[in-house]
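Numbering-wise (UniProt numbering), the sequence shown opens with residue 1 and increments by one.
For each residue, glycine too, the CB sits at the ideal point set by N, CA and C.
Given the structure is predicted, the values throughout are model-derived calculations rather than measurements.
In what follows, a structure is listed as structure tokens, so that the remarks can point back to it.
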Amino acid sequence: MSNKEVKAALKSAREAIRNKEYKEALKHCKAVLKQEKNNYNAWVFIGLAAAELEQPDQAKGAYKKAIELEPNQLLAWQGLANLYEKPNQTDVKGDLADVYQKLLELYESGDKQKWYDVCNKLVDLYHQEKKYLEVAETWQKLIQMKQEEGAEKAELHQLWKKMIQLLKDSTQTQNNMTEQSLLTAFEHAVNSADPVPGEDHQNLYKDFIQCLSKFPHESARLQKACNDMMALYPSASYPLEVLCLHFVQSAGTLSEEALQYISKLLEMDASSGPGIIGFGVKCLQENKYKEAIESLTEGLQKTSQCPAAWHYLAEAQMKIHKHRDAVLSCNQALEALGTPEGPSLRWKNLILRLKAEALIKIADADAAEEAIKSLEQIVDASSDPVAVAIRGQAYLNKGLLDQASKISQELLLSHPDLAESHALDGFIHYSQKNYEQAERSFLNAIERRAETAEYHQYLGLTYWFMSDETKKDKGKALTQFLKAAKLDSYLGSVFYYLGNYYRDVAGDKSRARGCYKKAFELDGTDEESGRAAVDLSVELGDMGVALSILNEVTQKASFGTAKWAWLHRGLYYLRTDQPSKAVADLQAALRADPKDSNCWESLGEAYLSRGSYATALKSFRKASELNPSLVYSIYRAAAIEQILGKYESAIATYKEILKKTEDYVPALKG
């Protein structure tokens with residue numbers, strides 16, 4: 001076949017393709033290749049025809065042969081791109097990206113519009129594959145080309161905005177280069193917007209700041225962006241809110257600058273969640289724990305997705321010994337944290353350790369088990385001696401003395417200067433009533449950290465139980481209790497022990513009553529302190545104080561609880577001739593403990609005082625059923641039967657009493 005015939009055959013092949021006669025085209029091309037096996041156009045036409053005949057492998061082979069022959073010719077690359085773009089082509093995205101890259105190279109010095117078209121296709125392909133770094137690099141190259149062409153500011157602005165859209169999901173990948181590309185796109189978009197100020201520009205700034213807030217290491221950039229936005233939009237609270245949360249999440253003491261931002265935000269919007277949270281953290285720093293709890297609780301109702309704020313709330317609750325509340329706040333913090341990485345992981349460890357500390361203070365076996373589970377979730381917990389000491393206390397609370405002792409001994413060897421090492425040893429000895437060893441351990445703990453109230457309290461308790469001498473020695477138990485109370489004015493239990501000292505050792509009922517009252521005010525669940533305060537108030541003739549405590553408890557009490565308070569107040573009403581009120585309170589006491597025979601007896605008296613003989617009779621009978629030795633209840637039942645005219649039954653009951661107690665005068669009279 002001559003050169004002329006080759007040209008004619010290729011022309012025929014082109015015509016056949018135009019007429020969709022693809023098999024015919026293949027014949028012409030094969031004829032050419034018999035003559036010229038390296039004919040570029042023949043291979044390209046074979047690729048085209050085979051592709052249309054649904055023969056992708058043949059098409060691909062043909063295009064690749066053509067590319068091999070002429071690597072810098074466009075036709076084969078274009079054909080290969082068209083082939084890979086077909087819907088039936090799977091697993092070729094990587095190859096297609098390589099083809100697009102080559103086409104960009106070939107178009108760069110020529111057809112700019114085709115270069116832009118291919119560039120868009122390549123970026124879409126990378127985006128589908130979540131290859132954000134490649135998206136960023138390719139799109140930046142497109143913007144650079146546009147800039148070199150002298151594109152208008154408005155067009156470039158739209159291109160930067162498109163880049164933001166393309167990269168907005170990349171924040172999860174944690175690739176520093178992609179992250180920087182996204183932030184650069186935001187900066188260019190913000191600076192190229194028009195008009196400024198304007199609604200679109202303001203929303204763009206918001207998005208930029210929100211994006212920056214996801215990167216803890218971009219603190220300086222975030223502050224600059226917030227300050228720039230505040231300068232342009234002085235009435236917008238958003239940048240201040242982001243800054244406040246950023247300072248709260250940064251962990252550590254709030255700086256003077258941070259406090260100024262918080263103050264400015266609250267001046268602008270007193271109901272701002274982040275502002276109220278910031279104020280709460282400030283209160284915590286100033287040891288104003290109740291105000292901190294109030295503000296943080298209010299702020300978190302408005303802005304709940306702030307793990308650090310939940311942690312600070314738990315910290316404040318721990319300071320006033322609301323341990324169960326602290327556990328709930330730690331759980332909220334962990335929920336808000338989600339799946340932490342990087343700096344958030346440090347927050348997770350802090351929260352889990354605080355939760356374990358709170359659970360230890362609850363001091364029951366279930367809480368101890370949960371504390372151990374929390375500690376197991378801490379990354380590298382075994383290298384944190386304080387976390388190890390908490391684990392030791394958890395074992396002790398579960399009654400696993402051997403495990404607790406093993407941890408204690410290891411800590412004393414590895415961390416002899418750590419207060420927690422000696423305190424754990426003290427708790428173990430104290431639980432075993434080894435008071436001399438406990439004294440030594442608590443003194444060692446205090447030597448290393450004298451400001452911990454709990455150590456002084458336990459040293460005081462050690463002296464209290466060690467001997468009568470140390471119990472009564474003012475320089476021993478009392479001194480340690482007073483130090484603990486001075487160091488921690490929220491520690492309710494130490495005021496209870498001070499009450500015990502003043503009542504049982506010093507014989508100062510008035511001071512003892514004050515201590516019990518304080519203990520009960522700090523911990524409304526401490527029944528022993530409440531009961532002691534009421535009993536001493538009655539002894540001191542101060543029924544006003546007794547009633548105020550009883551009224552407070554009964555108002556807060558849920559159904560079937562606070563028996564002691566209902567009983568005390570019921571007996572008071574009985575003594576002061578208020579039988580209807582006495583009946584109501586004694587019934588409430590019985591709902592908490594239906595098997596209290598003495599309470600049934602008192603209820604019988606209240607019904608009798610009210611003139612309700614039938615119900616009084618039932619109450620006295622119930623009392624004697626529960627406790628047959630209650631002769632008074634049996635006698636009262638007989639007396640009521642006598643009043644009701646049931647003489648035979650009354651006589652039988654009197655005789656029954658006299659069988660047991662021959663000289664019981666009321667029965668003889670009856």
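Start and end residues, alpha helix (DSSP H) containing residue i
| i | result |
| --- | --- |
| residue 486 | 479–487 |
| residue 190 | 176–192 |
| residue 299 | 289–302 |
| residue 579 | 579–592 |
| residue 426 | 419–431 |
| residue 245 | 238–249 |
| residue 505 | Neither: residue 505 is in no alpha helix (DSSP H) and is coded neither H nor E. |
| residue 307 | 307–319 |
| residue 46 | 40–52 |
| residue 56 | 56–69 |
| residue 524 | Run containing residue 524: none; DSSP gives neither H nor E here. |
| residue 570 | 563–575 |
| residue 441 | 435–448 |
| residue 628 | Unbroken run through residue 628: none, as it is neither H nor E. |
| residue 553 | 543–556 |
| residue 120 | 112–128 |
| residue 154 | 153–167 |
| residue 390 | 385–397 |
Beta-carbon proximity of residue i to residue j, cut-off 8 Å
| i | j | result |
| --- | --- | --- |
| residue 495 | residue 471 | no |
| residue 275 | residue 292 | no |
| residue 186 | residue 226 | no |
| residue 125 | residue 93 | yes |
| residue 188 | residue 160 | yes |
| residue 209 | residue 248 | no |
| residue 257 | residue 284 | no |
| residue 103 | residue 118 | yes |
| residue 391 | residue 417 | no |
| residue 337 | residue 352 | no |
| residue 138 | residue 122 | yes |
| residue 408 | residue 425 | yes |
| residue 261 | residue 243 | yes |
| residue 460 | residue 497 | yes |
Span separating the alpha-carbon of residue i from that of residue j
| i | j | result |
| --- | --- | --- |
| residue 369 | residue 395 | 8 Å |
| residue 608 | residue 598 | 15 Å |
| residue 516 | residue 345 | 43 Å |
| residue 172 | residue 140 | 21 Å |
| residue 168 | residue 213 | 13 Å |
| residue 713 | residue 58 | With the chain represented from 1 up to 670, any question about residue 713 goes unanswered, as that position is not in the structure. |
| residue 575 | residue 601 | 14 Å |
| residue 478 | residue 361 | 23 Å |
| residue 327 | residue 358 | 6 Å |
| residue 233 | residue 191 | 15 Å |
| residue 543 | residue 570 | 13 Å |
| residue 2 | residue 24 | 20 Å |
| residue 145 | residue 43 | 34 Å |
| residue 322 | residue 313 | 11 Å |
| residue 671 | residue 228 | Because the chain is modelled from 1 through 670, residue 671 falls outside the range shown and cannot be assessed. |
| residue 528 | residue 476 | 24 Å |
| residue 398 | residue 364 | 7 Å |
| residue 54 | residue 17 | 14 Å |
| residue 289 | residue 490 | 10 Å |
| residue 453 | residue 620 | 50 Å |
| residue 512 | residue 505 | 10 Å |
| residue 559 | residue 545 | 24 Å |
Cβ-Cβ separation, residue j to residue i (assumed contact under 8 Å), whole Å
| i | j | result |
| --- | --- | --- |
| residue 265 | residue 272 | 5 Å |
| residue 604 | residue 633 | 7 Å |
| residue 77 | residue 106 | 7 Å |
| residue 592 | residue 562 | 7 Å |
| residue 651 | residue 617 | About 16 Å; that fails the 8 Å criterion. |
| residue 606 | residue 624 | Not quite, the Cβ-Cβ distance comes to about 17 Å (not below 8 Å), so this is no contact. |
| residue 566 | residue 588 | 4 Å |
| residue 136 | residue 181 | 4 Å |
| residue 40 | residue 66 | 5 Å |
| residue 74 | residue 51 | 17 Å between Cβ atoms; not a contact. |
is_contact[residue i, chain C] using C-beta, thresh 8 Å
| i | result |
| --- | --- |
| residue 492 | Note that chain C does not occur in the displayed structure, where there is just one protein chain. |
Touching or not, the stretch 436–453 and the stretch 418–428, by the rule of three or more beta carbon pairs under 8 Å?
As far as the Cβ criterion goes, the stretch 436–453 touches the stretch 418–428, which means the pair count is three or higher.
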